[in-house]
Amino acid sequence: MTEQQGLRARKKQQTREHISDRATELFLARGFDRVTIAEVAAAADVAKMTVTNYFPRKEDLALDLGEIYIDQLAAIVRERAPGQSALAALRHDYLTAVAAHSQLIGFSGEPFARMIADSPALTARVREFHDDREVALAKTLATETGADDITPRVAAAQLAGIQRVLFDEVTRRTLAGESNAQIAAALTREAEIAFDALEPSLGNYAVR
2 MTEQQGLRAR KKQQTREHIS DRATELFLAR GFDRVTIAEV AAAADVAKMT VTNYFPRKED
62 LALDLGEIYI DQLAAIVRER APGQSALAAL RHDYLTAVAA HSQLIGFSGE PFARMIADSP
122 ALTARVREFH DDREVALAKT LATETGADDI TPRVAAAQLA GIQRVLFDEV TRRTLAGESN
182 AQIAAALTRE AEIAFDALEP SLGNYAVR
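Each residue of the sequence shown is one higher than the last, beginning at 2 in the numbering used here.
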């Protein structure tokens, strides 16, 4: 990539983040379903078409980490250490994310969690993200293991499934008013229970 190309890419990313930030401010203040794309464009001082070029779906203005989220589990598996199983890699990464109060596992704060919970459109989009990341993980597991049967999909359903359960638990506790520290302490315990439950069947699966 040339310096000029790099500059264009940075400017595009800055514009994308600016639009998303202004949109999120409006959504938090008034509710996702009450804000229009035209109002987001005005707040960001860009054309309405610019907003839709960067965010074809309104939901993705609020959930701008969607692409990263979808690829997250697959990326962890692709980058696992030699001798490490997919389960071990995902366990280690999840516990690290809990300690860091990562947004990618649900630590978004009560106002943001409430905004999603109050919007059927955002709730449905989050479900789509969960489904899509399971598919992405299954494809990666198939590539990594060379399997052409149902095994990668079965493994992905289990590995992504516990991540979904834990994500929902973070959201539930956030909406109940628990602090990030309280949630992290509880999720550390519950994550160990969840990952331990898969150890008998997936402990030696997809070892690099």
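Every residue gets a Cβ at the ideal spot worked out from N, C-alpha and C, and that includes glycine.
>> Using a Cβ-Cβ cutoff of less than 7 Å, which residues in the same chain neighbour D133 once the five nearest sequence positions on both sides are dropped?
In response: I71
>> Among the candidates V208, L66, E68, whose CA atom is the shortest distance from the CA of T144?
In response: V208
>> Going by beta-carbon coordinates alone, are L74 and L88 separated by less than 8 Å?
In response: no
>> Going by DSSP in three states, G162 sits in which element: helix, strand or coil?
In response: helix
>> By the three-class DSSP mapping on this structure, what secondary structure does L66 have?
In response: coil
> Is V136 helix, strand or coil by DSSP?
Replying inline: helix
> Does the beta-carbon of D22 have 16 or more other beta-carbons within 10 angstroms, so that it is buried, or is it exposed?
Replying inline: exposed
> Looking at C-beta atoms only, is the number of pairs between the stretch 111-127 and the stretch 176-192 that lie closer than 8 Å three or more?
Replying inline: yes
> How far does the alpha helix (DSSP H) with A187 in it reach, from first residue to last?
Replying inline: 181-203
>> Out of A10, L142, D149, which one is the CA nearest neighbour of E80?
In response: L142
>> Here's the rule I'm using: 16 or more other beta-carbon atoms within 10 Å means buried, otherwise exposed. How should L8 be labelled?
In response: exposed
>> According to DSSP, is A82 part of a helix, a strand, or is it coil?
In response: coil
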